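K.L.:
So for the sequence shown, numbering that gives the first Met the number 0 puts the first residue at 0; every next one is plus one.
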Amino acid sequence: MAQRLTRRQLIGGAVAAGGLASWAVRAGALGEPSTLFREVMLVDGTGTPGRLANVLVAGDRIARIMPASGKTSGSTARMVAGEGRVLAPGFIDMHSHGDPLHDSYETFLAMGVTTVTLGQDGEGPRVGNDLDPRSWMQAVDRARIDINVALLAGHGTLRRAAGVADSVHRPNAAGLERMAAQLDSELRMGAFGISYGLEYVPGIYSETPELSNIGKVVARYGGVCMSHMRSENDDEIEASINELVTSSLPARPHISHFKSVFGKGEKRGRELLAFVADFRRRGIDLTADEYPYEAGYTGIAILFPKWALPPTDYAAVLAERRQELRDYLIARMTRRGGPEALLIGTAPYAGKTLAQAAQQEGMDYADLLIKLGPDGGSGAHFTMDKVLQDTLLVDPSVSFSTDGGPGMRHPRATGTYAKLVEEYVVRDRKLTIEEMVRKATGFPAQTLRLSDRGVIRAGAKADLVLFDPKKVRARSTYVDPFAMAEGFDLVMVNGQPAFGGGKRVGFSGKLLRAR
0 MAQRLTRRQL IGGAVAAGGL ASWAVRAGAL GEPSTLFREV MLVDGTGTPG
50 RLANVLVAGD RIARIMPASG KTSGSTARMV AGEGRVLAPG FIDMHSHGDP
100 LHDSYETFLA MGVTTVTLGQ DGEGPRVGND LDPRSWMQAV DRARIDINVA
150 LLAGHGTLRR AAGVADSVHR PNAAGLERMA AQLDSELRMG AFGISYGLEY
200 VPGIYSETPE LSNIGKVVAR YGGVCMSHMR SENDDEIEAS INELVTSSLP
250 ARPHISHFKS VFGKGEKRGR ELLAFVADFR RRGIDLTADE YPYEAGYTGI
300 AILFPKWALP PTDYAAVLAE RRQELRDYLI ARMTRRGGPE ALLIGTAPYA
350 GKTLAQAAQQ EGMDYADLLI KLGPDGGSGA HFTMDKVLQD TLLVDPSVSF
400 STDGGPGMRH PRATGTYAKL VEEYVVRDRK LTIEEMVRKA TGFPAQTLRL
450 SDRGVIRAGA KADLVLFDPK KVRARSTYVD PFAMAEGFDL VMVNGQPAFG
500 GGKRVGFSGK LLRAR
């Protein structure tokens with residue numbers, strides 16, 4: 000009983016901030032705990048115009064959608080006074096990081112996210128040293144988590160679980176067979192597809208025949224192949240998209256965090272959109288996601304040449320090719336904007352640019368990079384053009400993601416969806432609220448094949464977010480990346496309050512499974 004009262008007290012805080020007028024233990028007619036959202040602006044995730052409505056939630060599902068003028072007197076449901084605020088499906092983050100077994104996703108709930116997609120960049124989650132993510136899935140099933148999780152099999156983890164060495168370019172037939180069998184088991188367990196990290200170890204060493212073999216397995220389950228592609232450089236991106244499409248078929252290909260590094264301008268953005276659209280005209284269901292920031296965030300390994308990356312003996316590289324490595328790093332950083340364009344996000348230089356960290360150490364930035372090595376840290380890389388990225392971002396065929404995780408020193412991990420509302424909908428009017436919500440909910444659900452989430456309709460799961468768009472604020476910055484978003488008054492996960500009153504109030508998340 001004490002635990003139940005504590006939960007009620009917690010929820011009570013959310014009720015005050017979110018506009019709930021009264022609570023009842025059970026909705027007698029339905030026999031389940033229920034909530035009635037009264038007089039909300041219903042933005043249902045399909046892109047259709049918003050409309051005033053009453054929405055009844057029973058258990059973990061939407062029970063009924065009614066005209067706002069309908070009578071609600073006598074209802075035993077707990078009441079939420081919408082007062083014209085937007086009620087939308089919970090946002091589905093198409094590219095996320097972290098582990099709900101260890102991490103709090105409170106900052107994601109604070110910006111309206113109710114589902115994260117994990118296993119990204121080729122790296123699947125694990126329990127200890129167990130490379131089989133099925134053990135992790137079973138652990139999540141038993142745990143109390145605060146957010147829904149859609150899991151992808153990670154190509155790099157899959158490779159290692161099958162005993163394929165990182166540096167192998169062409170696994171033999173037995174290795175390919177082991178990878179296919181392992182992937183089949185993960186997809187049968189409910190993974191939604193596979194993710195690649197082709198710019199990272201070990202994906203950087205893989206070749207098309209290996210990826211094509213994987214695509215055939217994913218296709219049998221109707222899954223998706225999501226990829227951090229081979230290169231995101233402007234002069235190589237079309238080739239990278241071609242590789243993703245040809246190696247994925249007959250499975251569905253998806254471009255993770257669609258961007259053009261070094262590209263500039265609206266014209267270039269439209270060229271890339273036309274290139275992608277041509278695949279769809281040919282019947283290939285190619286999709287993409289993107290976040291609204293001009294800096295990426297990744298490990299400094301991306302700056303190093305392949306011949307200096309694991310499993311290469313880095314000490315031998317320094318002994319034999321140090322000057323060659325130094326020259327490479329200087330050329331690479333010069334093209335990427337210089338040492339001022341890298342904001343380090345890990346200790347001991349967190350919050351400093353590479354230039355500032357080098358000055359602190361009294362050494363040239365290239366020598367500091369060599370000292371750190373490819374595994375020596377991560378940071379925000381300022382390599383993108385806002386005009387080009389915005390051209391991609393507002394396109395109807397591009398959904399949204401954070402590419403963030405709990406504790407990441409990048410504002411995308413705490414501000415993405417708030418920024419989309421605050422800037423792109425309210426301030427700049429580049430998107431309508433209906434289109435922004437569709438690209439954050441219904442469209443991602445369609446890509447993942449989540450048939451019962453991403454839209455508000457009778458029978459769908461009750462992942463919901465209530466907010467006034469004019470009050471939404473993305474407070475985080477590159478200097479203060481951990482400030483939580485404001486303005487999302489009530490977030491519901493599987494029919495239960497998960498966030499309200501500025502804090503997390505529940506643990507009703509689930510590990511979702513592909514069907």
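Beta carbons are placed, not taken as given, at the ideal position from N, Cα and C, and that holds for glycine. Just so we're clear, the structure is a prediction, and the values are computed from it rather than from any experiment.
Using a threshold of 8 Å, state whether the C-beta atoms of A149 and F90 are closer than that.
P.N.:
The answer is no: Cβ separation not under 8 Å.
K.L.:
By the 10 Å Cβ neighbour count, where 16 or more other Cβ atoms means buried, how is T446 classified, buried or exposed?
P.N.:
So T446 counts as buried.
K.L.:
Mind checking whether I146 and T116 have CB atoms under 8 Å apart?
P.N.:
It is not a contact, given that the beta carbons lie outside the stated cut-off.
K.L.:
Would you list, in sequence order, the uninterrupted alpha helix (DSSP H) runs of no fewer than 4 residues that lie entirely inside the region 382-450?
P.N.:
You should have 385-392, 411-418, 432-439, 441-447.
K.L.:
With a 10 Å radius around its C-beta and 16 neighbouring C-beta atoms as the bar for buried, classify K460 as buried or exposed.
P.N.:
Per the 10 Å Cβ criterion, buried.
K.L.:
How many Å lie between G412 and L182 at the Cα?
P.N.:
It is worth fixing the name first, because residue 412 is Ala in this sequence and not Gly. A412 and L182: Cα-Cα distance of roughly 29 Å.
K.L.:
Quick one: what's got a C-beta closer than 6 Å to L29's C-beta in the same chain, skipping five residues either side?
P.N.:
Low confidence applies to L29: its pLDDT is 44, below 50, so where it sits in the model is not reliable, and the reading given next is rough at best. Excluding residues within five positions, the ones whose Cβ falls inside 6 Å are A57.
K.L.:
Pick out whichever of D374, L328, E206, E421 has its Cα sitting closest to the Cα of D363.
P.N.:
Here the closest residue by C-alpha is L328.
K.L.:
Mind pulling the alpha helix (DSSP H) runs of 4 or more residues that sit fully within the region 112-171?
P.N.:
Counting only runs of 4 or more, we get 132-141, 154-160.
K.L.:
Out of curiosity, what's the CA-to-CA distance linking G350 and E242?
P.N.:
Approximately 36 Å between the Cα atoms of the pair.
K.L.:
Below 8 Å between beta carbons: does that hold for M383 and E293?
P.N.:
Going by C-beta atoms, M383 is nearer than 8 Å to E293.
K.L.:
Tell me the DSSP secondary structure of M362 in three-state form.
P.N.:
M362: coil per DSSP, three-state reduction.
K.L.:
Locate the beta strand (DSSP E) running through N53, then write down its first and last residues.
P.N.:
Its beta strand (DSSP E) spans residues 50-57.
K.L.:
From V42, V393, A160, R133, pick the residue whose C-alpha is nearest to that of P291; which is it?
P.N.:
With distances taken between Cα atoms, P291 lies closest to V393.
K.L.:
Quick check: the region 88-108 against the region 397-410, are at least 3 beta-carbon pairs closer than 8 Å?
P.N.:
With a cut-off of 8 Å, the region 88-108 and the region 397-410 count as touching, because enough Cβ pairs lie within range.
K.L.:
Do you know how far the Cα of V79 is from the Cα of F481?
P.N.:
If you take the alpha carbons of F481 and V79, they lie about 30 Å apart.
K.L.:
Here's the rule I'm using: 16 or more other beta-carbon atoms within 10 Å means buried, otherwise exposed. How should G127 be labelled?
P.N.:
So G127 counts as exposed.
K.L.:
Would the region 193-211 and the region 221-228 be scored as touching if the rule is three or more Cβ pairs under 8 Å?
P.N.:
They touch, by the three-pair rule.
K.L.:
Suppose the cutoff is 6 Å on Cβ atoms and the five residues either side in sequence are ignored; what does the same chain contact list for V217 look like?
P.N.:
Correct list, in chain order: G192, I193, C224, A250.
K.L.:
Do you know how far the Cα of E422 is from the Cα of R428?
P.N.:
Using only the alpha carbons, I get a separation of about 8 Å.
K.L.:
In the structure shown, what three-state DSSP assignment does N493 receive?
P.N.:
Coil, per DSSP.
K.L.:
Using only CA atoms, which one of P443, L510, N493, G453 lies nearest to H524?
P.N.:
As displayed, the chain neither begins before 0 nor continues past 514, which places residue 524 out of reach and without an answer.
K.L.:
Are the Cβ atoms of G361 and I299 separated by less than 8 Å?
P.N.:
Not a contact, by the Cβ cut-off of 8 Å.
K.L.:
Would you kindly work out how many angstroms separate the C-alpha atoms of L248 and G441, rounded to a whole number?
P.N.:
Their Cα atoms are separated by approximately 24 Å.
K.L.:
Of the residues G83, F498, H380, G44, which one's Cα is nearest the Cα of L51?
P.N.:
Cα-wise, what sits closest to L51 is G83.
K.L.:
Please tell me whether M435 and L449 are closer than 8 Å, where the distance is taken between their beta carbons.
P.N.:
Result no, Cβ atoms of M435 and L449 do not sit closer than 8 Å.
K.L.:
Quick check on this structure: which residue in A160, V139, D120, D288 has the alpha carbon closest to the alpha carbon of L130?
P.N.:
For the residues A160, V139, D120, D288, the minimum Cα distance to L130 belongs to A160.
K.L.:
Drop a sphere of 10 angstroms on the beta-carbon of R25, count the other beta-carbons inside from all chains shown, and report buried for 16 or more, exposed for fewer.
P.N.:
Here R25 scores only 36 on pLDDT, less than 50, and its place in the model should not be relied on; the value that follows carries that caveat. With fewer than 16 Cβ atoms within 10 Å of its Cβ, R25 is classed as exposed.
K.L.:
Would you mind sorting G162 into buried or exposed? The rule is 16 or more other CB atoms within 10 Å of its CB.
P.N.:
The residue in question, G162, is exposed, as its Cβ has fewer than 16 Cβ neighbours within 10 Å.
K.L.:
For G118 and L157, I'd like the C-alpha separation in whole angstroms.
P.N.:
In a straight line, the C-alpha of G118 is about 11 Å away from that of L157.
K.L.:
Among all the DSSP beta bridges, which residues are the ones paired with D288?
P.N.:
Answer is S398, bridged to D288.
K.L.:
Assuming L175 and N212 are in contact, meaning their beta carbons sit under 8 Å apart, how far apart are those beta carbons, in whole angstroms?
P.N.:
Yes, L175 and N212 are in contact; Cβ-Cβ is about 5 Å, under 8 Å.
K.L.:
Candidates G44, P32, L35, E38: which alpha carbon is nearest D451's?
P.N.:
Checking every option, the nearest Cα to that of D451 belongs to G44.
K.L.:
Given a cut-off of 8 Å on the beta-carbon distance, is the pair V454 and G111 in contact?
P.N.:
No, they are not a contact pair.
K.L.:
Whole alpha helix (DSSP H) runs in the region 307-332 with 4 or more residues, listed along the chain?
P.N.:
Counting only runs of 4 or more, we get nothing.
K.L.:
Pop quiz: L510 and D140 are said to be a contact at Cβ under 8 Å. What is the actual Cβ separation, rounded to whole angstroms?
P.N.:
Contact flag correct, Cβ pair sits at about 6 Å.
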